[in-house]
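Participant:
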Amino acid sequence: MPSCLFCEIATGAVPAQLVLEEDDFVAFLDTRPVFKGHTLLVPRRHVVTLPDLPAELRDGFLASIQRLATALVEGIGAQGSFVAMNNTVSQSVAHLHCHVVPRTKGDGLRGFFWPRTKYADDAEAADYAARISRALG
Numbered sequence: 258m259p260s261c262l263f264c265e266i267a268t269g270a271v272p273a274q275l276v277l278e279e280d281d282f283v284a285f286l287d288t289r290p291v292f293k294g295h296t297l298l299v300p301r302r303h304v305v306t307l308p309d310l311p312a313e314l315r316d317g318f319l320a321s322i323q324r325l326a327t328a329l330v331e332g333i334g335a336q337g338s339f340v341a342m343n344n345t346v347s348q349s350v351a352h353l354h355c356h357v358v359p360r361t362k363g364d365g366l367r368g369f370f371w372p373r374t375k376y377a378d379d380a381e382a383a384d385y386a387a388r389i390s391r392a393l394g
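Encoded structure:
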């Protein structure tokens with residue numbers, strides 16, 4: 258199998274701002290967030306699309322998404338979240354990943370136009386990761 262960025266993040270070979278580490282899943286901040294706190298959840302096992310996700314991982318995947326959506330509200334003060342997955346089309350990394358994006362009323366997100374922002378520096382990204390991680394318990 259060719260090198261997979263998300264597999265490398267899941268094993269720790271590539272650094273990332275981790276917010277959740279579980280036996281089957283890992284979540285980390287998106288390096289090109291729609292809004293600060295934008296998190297990606299991936300299975301540790303290489304799975305390309307949602308239809309490929311083994312049945313034994315489905316409930317845990319959804320439970321982790323649910324926990325992340327809650328953590329964005331509790332950890333960084335979001336009012337809600339936007340949760341999305343691409344399958345093949347528009348999937349920038351060929352490894353299943355779920356976007357959990359913090360939302361606030363009037364944040365400017367319209368439809369599926371995803372403007373991107375940046376963290377001021379690594380310290381700001383680390384602060385967001387720590388706040389979300391703390392909210393996860």
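Read left to right, the sequence shown gives residues 258 to 394 (the working numbering).
Built from N, CA and C at the ideal position, the CB exists for glycine as well.
So residue 320 and residue 338 are supposed to be a Cβ contact under 8 Å. How far apart are they, rounded?
Facilitator: Numbered from 1 along the sequence shown, position 63 holds the residue referred to as residue 320. Numbered from 1 along the sequence shown, position 81 holds the residue referred to as residue 338. Going by Cβ atoms, the distance from residue 320 to residue 338 rounds to 15 Å, so no, they are not a contact pair.
Participant: To the nearest angstrom, how far is the alpha carbon of residue 364 from that of residue 322?
Facilitator: Here residue 364 refers to the residue found at position 107 of the sequence shown. Here residue 322 refers to the residue found at position 65 of the sequence shown. Residue 364 and residue 322: Cα-Cα distance of roughly 21 Å.
Participant: Just to confirm the assignment: which complete beta strand (DSSP E) runs, minimum length 3, are found wholly within the stretch 324 to 372?
Facilitator: Taking only runs of at least 3 residues, the beta strand (DSSP E) segments lying wholly in the stretch 324 to 372 are 337 to 341 and 355 to 360.
Participant: Does DSSP classify residue 279 as helix, strand or coil?
Facilitator: One-based indexing of the sequence shown puts residue 279 at position 22. DSSP places residue 279 in coil when its eight states are reduced to three.
Participant: Reducing DSSP to helix, strand and coil, say where residue 288 ends up.
Facilitator: Numbered from 1 along the sequence shown, position 31 holds the residue referred to as residue 288. DSSP places residue 288 in coil when its eight states are reduced to three.
Participant: Go ahead and label residue 294 buried or exposed: buried means 16 or more other beta carbons lie within 10 angstroms of its beta carbon, across all protein chains shown.
Facilitator: As a working note, residue 294 is residue 37 in the sequence shown. It counts as buried.
Participant: Report yes if the C-beta distance between residue 373 and residue 335 is below 8 Å; otherwise report no.
Facilitator: Mapped onto the sequence shown, residue 373 falls at position 116. Mapped onto the sequence shown, residue 335 falls at position 78. No, these two residues do not count as a Cβ contact at 8 Å.
Participant: Measuring alpha carbon to alpha carbon, tell me which of 346, 362, 288 and 328 ends up nearest residue 272.
Facilitator: For the purposes of this step, residue 272 is taken as residue 15 along the sequence shown, with counting starting at 1. For residue 272, the nearest C-alpha among the options comes from 288.
Participant: Tell me the DSSP secondary structure of residue 297 in three-state form.
Facilitator: Within the sequence shown, numbered from 1, the residue matching residue 297 stands at position 40. Strand at residue 297.
Participant: Reducing DSSP to helix, strand and coil, say where residue 311 ends up.
Facilitator: Residue mapping note: residue 311 aligns to position 54 of the sequence shown, counting from 1. If DSSP states are grouped into helix, strand and coil, residue 311 belongs with coil.
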